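So the sequence shown is residues -15 to 125, counted in my numbering.
Every residue gets a Cβ at the ideal spot worked out from N, C-alpha and C, and that includes glycine.
Here the structure is a predicted model, which means the values were calculated and not measured.
Report on the structure given below.
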Amino acid sequence: MAEIHAQLTADCHYLGRFPLCHLLLMNDRNYPWLILVPDRADVREIYQLDADDREQLLQESCLLSEFLDSVFKADKLNIAALGNQVPQLHLHHVARYRSDAAWPWPIWGKVPAIAYNEQELADFRVLFEQANLPEFKISAG
């Protein structure tokens, strides 16, 4: 099992995992913002995954995207693998709205993060429990 980069663990709440990826919730309620982190050591780029893992990453990303679309009804879903500050491969999934604080610009650094309180975090976990996403296991990390 690959260790999740310290910056991601500091910035996020662990929600659970799919067969390939850990699922994290960015601790910023300005945006519904989830992150997939493949459980593979020393991988920085998608092309470094083997073909089966690349396909699995795409499947998990699509499941997560469908979930975000159905629950949050965003104007746009942004998906990105940047890695400028965290070299470990991770894939951001951010539900964006024309009314959000950063629209239409990128979210990074636009406004200060607003942390989830315990009830909001619990509510987020319930959304995932109720979604019954195939092969997703919710856990505390």
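Requested in this report: Rounded to whole angstroms, what's the CA-CA distance from R1 to P88? Just pull it up for me.
Outcome: 31 Å
Query raised in the report: For C(-4) versus E44, is the C-beta spacing smaller than 7 Å?
Result: no
**Report entry** Where the alpha helix (DSSP H) through V21 begins and ends
**Finding:** No alpha helix (DSSP H) contains V21, which is instead part of the beta strand (DSSP E) from W17 to P22.
Query raised in the report: What residue from H77, P96 and A(-14) has the CA that sits closest to N62's CA?
Result: H77
Query raised in the report: If you compare alpha carbons, which of R82, W17, I98 and L7 is closest to S123?
Result: Of the listed residues, the one whose Cα sits closest to S123 is L7.
Query raised in the report: In terms of residues, what are the limits of the beta strand (DSSP E) holding L8?
Result: C5 to M10
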